[in-house]
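S.K.: One point on numbering: in this note's numbering, the residue at position 411 of the sequence shown is 397, and numbering is uninterrupted.
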Amino acid sequence: MPPSLHAVLGASSAHRWLACTPSARLSEKLTERFGSESSPYAAEGTKAHALAELKVRKAFYDADGMSAAKHSRMSPAQQESYPGINQFRFQSLRDELGDIPKDMEQATDSYCDIVMEKYLSAKETDPSTQLYLEQRLDYSKWVPSGFGTGDCLIVSDSMLEVCDYKHGKGIPVHAVDNPQLRLYGLGAMDRFGKLYDFPAVRMTIIQPRLESVSEETLSREALTQWAEKDVVEKAKMAWAGTGDYVPGEHCQFCAAKAVCAARVSQALQIFQYGLETPGLIPDEQIPGILGMLDDAESWIHDIRTYAENQALRGQVWPGYKLVRGKKPNRRWSDPDEVKAQLLRAGYPSDQFEETKLKPVGEIEKALGKTAFRALVGGLVSQGEGKLILVPADDKRVEFASADVDFQDLLS
Ligand code: SF4
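#1: Using 8 Å as the cut-off, can you tell me whether the segment 180 to 191 makes contact with the segment 216 to 226, which would need three or more C-beta pairs spanning the two stretches below that distance?
#2: Regarding residue 243 and ligand 1, is the C-beta to nearest heavy atom distance less than 7 Å?
#3: With hydrogens ignored, establish whether the beta-carbon of residue 231 is closer than 7 Å to any heavy atom of ligand 1.
#4: Whole angstroms are fine: how far does the CA of residue 321 sit from the CA of residue 255?
#5: Could you give the DSSP three-state label for residue 1: helix, strand or coil?
#6: I want to check one thing, is the minimum distance from the CB of residue 273 to the heavy atoms of ligand 1 below 7 Å?
#7: Compute the distance between the beta-carbons of residue 190 and residue 199, then report whether it is under 8 Å.
#8: Taking the runs of the alpha helix (DSSP H) that are 4 residues or longer, which of them lie wholly in the segment 152 to 198?
#9: At which residue ranges does the segment 192 to 269 contain complete beta strand (DSSP E) runs of 3 or more residues, listed in the order of the chain?
#10: Excluding sequence positions up to five away, which residues of its chain have a Cβ less than 8 Å from the Cβ of residue 361?
#11: Could you check what DSSP says for residue 333 in three-state terms: helix, strand or coil?
#12: With a threshold of 7 Å on Cβ separation, who are the neighbours of residue 267 within its own chain once the five nearest residues in sequence on each side are excluded?
#13: How about the segment 140 to 150 and the segment 172 to 180: do they share at least three Cβ pairs that are nearer than 8 Å?
#14: Using the rule of at least 16 other Cβ atoms within 10 Å of the residue's Cβ for burial, across every protein chain shown, is residue 341 buried or exposed?
#15: Note down, in chain order, each residue of its chain lying with its Cβ closer than 6 Å to the Cβ of residue 96, except the 5 sequence neighbours on either side.
#16: How would you write the range of the alpha helix (DSSP H) that residue 356 sits in, first residue to last?
#17: Note down the Cα distance separating residue 201 from residue 29, rounded to an integer number of angstroms.
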């Protein structure tokens, strides 16, 4: 299971403290003051990681042909380091996790299959291949007090592979140039580099809900060079809390994002427009304003959320008070009892129940792509996307028509 301790210069926030070195210490101060916000997504991710780990342990036990008798003949040290667990242990640890949503079940099954395929194929090539799960990886040689947890390591003289499970599906995460994975790779290389002769480290992100497996392989030398050239100096500054504040996309998960002066000043730049002359702002200024909308909108959302959360914790903001907003829609507290009551009263079910098809994506997922295509693929239609204005460097193909339907833009 993942440790509860977090390094100040954690690998998962490395993309942020490498870009904005004072961010780690600033976030730490805020976390000390207000505690860390726990989100349902984080709780879901923790549960999925725990389940994924159990599945791999069970699959390893089975693939290894292990039995209770063989296991009992191992020394205590061997038992301690053995990654597999039997069905009984698997079931009891799995029960502790409670109800598992269907998509978490599927995602962790996929992760387990991919990891086991990698392990078994490495083992076929090199029988000395070992599998390690949930290992503490210490990269403090390059980053002060830096450590993290590697979900799965596959180690042999041919290759060291670090696999990281990503349960989220909101943001695709790629392995190439990924500082989190590279720091894990460094930690793993430091730990196993003297025991094995592997010439390179493969870093793999498995994101099953996006059907994505992304890899980067670097030689030992290249990984060490990256650490020495791109990490060591910045990590020293980040540890000391020095350097420039640099706002950017990496602010998204920074604990300081609502109240960081650098980010506020970047977001407020939008209000420079219109200050100089009365009347209409000239069209030439619109592109500049468009380019600032995302930052401004996102900061406005963050500062509002921060102020509301702090008010809920007892902070008084002069001139403001907490009230209840609009009530949510009414809903049935016991739908089965409602149906029973109405049926008993003689109402036909078509007056209070409706059956409708699930969305296309859900049915496709339930049937699998092949059956979906064969059975109902020809009955799917899809309209055009709404026209939206995006920056010129956006990867999507530009819409080109002499006959733009302006109603589409305006609707
Ligand atoms: S909000 Fe952005 S600019 Fe401010 S400390 Fe965090 S990462 Fe740096």
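Just so it is clear, CB atoms sit at the ideal spot from N, CA and C, and this is done for glycine as well.
Note that the coordinates shown come from a computational prediction; the quantities given were computed from them, not determined experimentally.
M.R.: According to the structure data:
#1: As far as the Cβ criterion goes, the segment 180 to 191 does not touch the segment 216 to 226, which means the pair count is below three.
#2: Within the cutoff, so yes.
#3: Set against 7 Å, the gap from the CB of residue 231 to the closest heavy atom of ligand 1 is smaller.
#4: Between the alpha carbons of residue 255 and residue 321 lies a distance of about 51 Å.
#5: Helix, per DSSP.
#6: Ligand 1 never approaches residue 273 closely enough for any of its heavy atoms to be under 7 Å from the residue's Cβ.
#7: Result yes, Cβ atoms of residue 190 and residue 199 sit closer than 8 Å.
#8: Runs of the alpha helix (DSSP H) inside the segment 152 to 198: 165 to 178.
#9: Listed in chain order, they are 198 to 205.
#10: Only 353 meet the Cβ criterion.
#11: The three-state secondary structure of residue 333, taken from DSSP, is coil.
#12: Within the same chain, residue 267 has close Cβ partners 259, 260.
#13: As far as the Cβ criterion goes, the segment 140 to 150 touches the segment 172 to 180, which means the pair count is three or higher.
#14: Residue 341 should be labelled exposed.
#15: For residue 96, where only same-chain residues beyond five positions count, the Cβ hits under 6 Å are 194.
#16: Counting along the chain, the alpha helix (DSSP H) containing residue 356 begins and ends at 355 to 362.
#17: Whole-angstrom Cα-Cα distance: 26 Å.
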